[in-house]
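Counting from 1, position 6 in the sequence shown corresponds to residue 26 in the numbering used here; the numbering is continuous, with no gaps.
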Amino acid sequence: ISVLMEMSRLLNTGLDRETLTTCVRLCKEGINPEALALVIQELRRETSALK
């Protein structure tokens with residue numbers, strides 16, 4: 021996960037280690053990565069709207 025964490029940091033994803041680990045686990049379980057990315061983006065938009 022260290023390499024993925026570094027890539028995530030370089031790409032400025034804003035994902036912390038725990039979130040990235042959860043995303044990797046979900047993808048390994050068969051969750052569509054593009055759908056997962058859309059959910060994360062939507063959660064960020066909703067969180068921003070609440071602030």
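We put the CB at the ideal spot given by N, CA and C, even for glycine.
- A distance below 7 Å between beta-carbons, with the five flanking residues on each side excluded, links T67 to no residue of its chain.
- Note on geometry: alpha-carbon atoms of R65 and N32 lie some 16 Å from one another.
- Under the criterion of beta carbons closer than 8 Å, L46 and L58 do not qualify as touching, at roughly 13 Å.
- In the three-state reduction of the DSSP assignment, E49 falls in the coil class, being assigned neither a helical nor a strand state.
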